[in-house]
Amino acid sequence: MQYTHHYFLNRNAFILIFKDTNPINAINSIYMKYIVSILLGISSFQVANTQSSPIKIEPINFSKVNVTDAFWKPKMDLVATKTLDACIYQTEQKTGRIRNFEKVASKKGEAHEGIFYDDSDVFKAIEAIAYSIKTNKSPKLEAKADEWIDKIAAAQLEDGYLNTYYTLTDLNKRWTDMSMHEDYNGGHMIEAAVAYYDATGKRKFLDVVIKWANYFDGLFGPGKKHWVTGHQELELALVKLYRVTAQKKYLDLADWLLSERGKKLAVGYTWTDWKDTLYAQDGVPVKQQKEITGHAVRAMYMYTGAADVAAHTGDADYLKAMRTVWEDVVYRNMYVTGGIGSAGSNEGFSQDYDLPNEQAYCETCASVGMVFWNQRMNSLTGHAEYIDVLEKSLYNGALDGLSLSGDRFFYGNPLASSGKNMRREWFGTACCPANIARLIASLGNYIYGEKDNTIFVNLFVGSNTSFNLPNGTLQFNMTTNYPWDGNITCSLQTKKKIKAPIAFRLPGWANGTASPGGLYSFTNNSPQKPVLLLNGNPITYQIKDGYVIAEQEWKDNDVISYQLPMKVETVTARSELSFNNNRIAFTRGPLVYCIEGADNNGKAWNVIAPQQTSFTTENFKVLDENVVSLIANLPAIQISADGSNANTGFQKVRAIPYYTWCNRGSNPMQVWLPTSFKEVRVN
Ligand code: FUB
Ligand code: ZN
1 MQYTHHYFLN RNAFILIFKD TNPINAINSI YMKYIVSILL GISSFQVANT QSSPIKIEPI
61 NFSKVNVTDA FWKPKMDLVA TKTLDACIYQ TEQKTGRIRN FEKVASKKGE AHEGIFYDDS
121 DVFKAIEAIA YSIKTNKSPK LEAKADEWID KIAAAQLEDG YLNTYYTLTD LNKRWTDMSM
181 HEDYNGGHMI EAAVAYYDAT GKRKFLDVVI KWANYFDGLF GPGKKHWVTG HQELELALVK
241 LYRVTAQKKY LDLADWLLSE RGKKLAVGYT WTDWKDTLYA QDGVPVKQQK EITGHAVRAM
301 YMYTGAADVA AHTGDADYLK AMRTVWEDVV YRNMYVTGGI GSAGSNEGFS QDYDLPNEQA
361 YCETCASVGM VFWNQRMNSL TGHAEYIDVL EKSLYNGALD GLSLSGDRFF YGNPLASSGK
421 NMRREWFGTA CCPANIARLI ASLGNYIYGE KDNTIFVNLF VGSNTSFNLP NGTLQFNMTT
481 NYPWDGNITC SLQTKKKIKA PIAFRLPGWA NGTASPGGLY SFTNNSPQKP VLLLNGNPIT
541 YQIKDGYVIA EQEWKDNDVI SYQLPMKVET VTARSELSFN NNRIAFTRGP LVYCIEGADN
601 NGKAWNVIAP QQTSFTTENF KVLDENVVSL IANLPAIQIS ADGSNANTGF QKVRAIPYYT
661 WCNRGSNPMQ VWLPTSFKEV RVN
């Protein structure tokens, strides 16, 4: 179906609009005009159009979700304290990121410090602060963000331009080279400002980015100059700006930017840092793309932006292209951890099945991008398999990027290590720390969804929220010990009986599917049916699109118990993935496991796991993190201390969740264990 116009604002936009209804300052605002226009039915922004939304599941915004979870809440608290503190310290004291803004404002001609995309890290940190303080007030963090925002605002030029690199080097060169991230910086600035406005109601930053976006809109677009974003990001950000301002020109601009790709129209501009346009997904128009190519983070942000545009315009061509590209990612180019982008040379994709373990690049940001994109795909299609992939990336590839202490980071997330990897305080290119921080701080975004009368439970995270259904309000409280077991309890509160379908995701891992498309499989494929009880009694359900759906007349104090069979699974990879030939991996629920030297006499490469290996579970602690570890007696080669003797025997081996590795110093580690001694290394 093709929709030619969009006249539908999503729930979040309405929330923001209604937030700004303070009669003193909002009567002249576009928001107030918009509300009035809705009431009068004479809007220039024609919300009265009856075309239905292409959205199949609308995610519940994190600000409406109170996370109480034993697994995630401490991590969110850690981000609010340790991670954001680390970002702040690095941003303003250890590096010149904040100084660059001060230098622009001081107009003394001082030199720019750092890299041309460093502004983006400041913006991403503010965005993470915004999400964090929205659910957990922190006057200290808010004051820091305000201080930075004042400095950012002071660095904006009269015409709206804001970029410390070009302003401190040579303004005449602005917008001459797509690879220089002016659009990327702008996009992160918009995301931060929208988030901060949402969290605090303060408009200063939002006004800055509106001025910037209007300036950009004045330069580029139909009948103006051509532009291809060098590092996609602005597209998705403009959709966020559209949602908060209700100004359709930002949505149009996002759509136009996407439409510029793959046409080689942007003559007169240069790409300096690559020869191959496939690197930036600029080889083929977005709607005709069939394969995943190039830089992984750029790709993820672009498809997220395309999905966001399609969510408003209903443009089916984006979804069609994205489904094909998604299959190419998930069926042939994704690690078992949900990590993507195996090659360091382009920070991205190479050949199909080229997924080396020790050399895996797997940038944290790319896994964060997988979370963003897969959520949008779930929203547009209504299918749960995208959340299976999201969950894989979230609990493994992305979460691995943050240390258990909250202030050390992985940029790359390999699936094997000979013991040289270590978590770092910061990076020269520091995109990952604030990215994982903003993801965890807004984790509540990924738990629930709704559409019409149906409630969707996508992730199993202890939390509560309320659904305003057509027939009344339902308070929903989920408790669980997930990911350590598969028991999920949901208690309902309602003033009157409400008939509504509740759809619980049936994870692929609980249903015999290691990953959609079969790149990975379970060796023992005997899925058990999930159990669904209402007040202790089984209730009927149907399974559709990856959801277990129960439709009942829910009443006050009803308790739903959803039980997923969680067991240790042995995973194999398709034979084309030669790096994993004669190797197996182990998962339990959403978690991928690894063996690390710290638990295994300093070694992780000296054991084999025969095909029939069966692990038992044992509660364990990795530092202060309570985990379920896996224990097995495995054949191992042991070398005597003086190196003169080699023995083959059995060794008790402990496997821990992948996300917890390398928190006890540098250690050898392996996710994929060899099934024969041919692949064993003794050191
Ligand atoms: O270019 C900005 C960021 O730096 C990218 O997203 C990362 O992959 C790293 O290259
Ligand atoms: Zn990164």
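Read left to right, the sequence shown gives residues 1 to 683 (my numbering). Glycine is no exception: its CB is placed at the ideal position from the N, C-alpha and C atoms. Just so it is clear, the structure is predicted and the values come from calculations on it, not from any experiment.
Three-state secondary structure (DSSP) of residue i
i	result
LEU694	The chain is shown only over 1 to 683; residue 694 falls outside these bounds and no answer can be derived.
SER575	coil
CYS432	helix
THR21	Its pLDDT being 29, under 50, THR21 is placed unreliably by the model, and the measurement read from it follows with that caveat. DSSP places THR21 in coil when its eight states are reduced to three.
HIS295	strand
GLY685	This structure cannot settle anything about residue 685, because the visible part of the chain is limited to 1 through 683.
MET334	strand
VAL329	helix
ASN214	helix
PRO674	strand
LYS173	helix
SER44	Here the model assigns SER44 a pLDDT of 29, short of 50, so the residue's position is not dependable and the matter cannot be decided.
ASN464	strand
THR229	coil
GLU450	strand
LEU459	coil
THR91	helix
TYR31	Reliability of the predicted coordinates at TYR31 is poor, the pLDDT of 36 falling under 50, and the value obtained from them is presented with this limitation in mind. The answer is helix: DSSP assigns TYR31 an H, G or I state.
GLU234	Contrary to the premise, residue 234 reads as Leu rather than Glu in this sequence. It is helical.
GLY339	coil
Proximity test, residue i beta-carbon vs ligand 1 heavy atom, cut-off 7 Å
i	result
VAL297	yes
HIS181	yes
THR429	yes
TYR117	yes
GLU347	yes
HIS231	yes
Beta-carbon spacing of residue i, residue j below 8 Å
i	j	result
THR523	GLN611	yes
ALA213	ILE190	yes
GLU358	SER417	yes
VAL329	ILE292	yes
ASN626	ASN619	yes
ILE149	LYS204	yes
LEU689	HIS231	Since the first residue of the chain shown is 1 and the last is 683, residue 689 is not available in this structure.
ALA437	CYS87	yes
GLY412	TYR448	no
ARG323	VAL286	no
GLU596	ALA585	no
THR83	LEU402	yes
LEU234	TRP175	no
CYS594	VAL671	yes
Residue i: CB within 7 Å of a non-hydrogen atom of ligand 2
i	result
TYR448	no
TYR411	yes
ASN185	no
GLU684	Outside the displayed range of the chain (1 to 683) lies residue 684, so it cannot be described from this structure.
CYS594	no
ASN511	no
CYS688	Nothing about residue 688 can be read from this structure; the chain reaches only from 1 to 683.
ASN435	yes
ALA490	The sequence as given places Cys at residue 490; Ala does not occur at that position. Result no, Cβ not under 7 Å from ligand 2.
CYS432	yes
Residue-chain proximity (residue i, chain B), Cβ-Cβ < 8 Å
i	result
ALA609	The displayed structure is made up of one protein chain only, and chain B is not part of it.
Cβ separation of residue i and residue j, assumed to be a contact under 8 Å, to the nearest whole Å
i	j	result
PRO59	ASN445	6 Å
ASP674	VAL680	The identity of residue 674 in the sequence shown is Pro, whereas the question assumes Asp. Confirmed, about 6 Å.
PRO635	VAL607	7 Å
SER350	MET370	Incorrect: roughly 17 Å between the Cβ atoms, too far for contact.
PRO483	GLY397	About 15 Å; that fails the 8 Å criterion.
Residue i beta carbon near ligand 3 (any heavy atom closer than 7 Å)
i	result
ALA307	No copy of ligand 3 appears in this structure; the ligands present are ligand 1 and ligand 2.
- Counting pairs of Cβ atoms below 8 Å between the stretch 164 to 176 and the stretch 474 to 492, do you hit three or more? no
- Message: Could you check whether the stretch 523 to 532 touches the stretch 332 to 352, counting it as contact only if at least three pairs of C-beta atoms, one from each stretch, sit closer than 8 Å?
- Response: Output reads no: the stretch 332 to 352 does not touch the stretch 523 to 532.
- Count the CB pairs spanning the stretch 232 to 248 and the stretch 208 to 223 that are closer than 8 Å, and state whether there are at least three. Yes, since at least three Cβ pairs between the stretch 232 to 248 and the stretch 208 to 223 fall closer than 8 Å, the two stretches touch.
- Message: Would the stretch 489 to 509 count as touching the stretch 305 to 315 if we require 3 or more Cβ pairs under 8 Å?
- Response: no
- Message: Would the stretch 531 to 547 count as touching the stretch 557 to 564 if we require 3 or more Cβ pairs under 8 Å?
- Response: yes
- Message: So, does the stretch 81 to 98 touch the stretch 122 to 138, judging by three or more C-beta pairs under 8 Å?
- Response: yes
- Query: Below 8 Å, can you find three or more Cβ-Cβ pairs linking the stretch 378 to 387 to the stretch 424 to 431?
  - Reply: no
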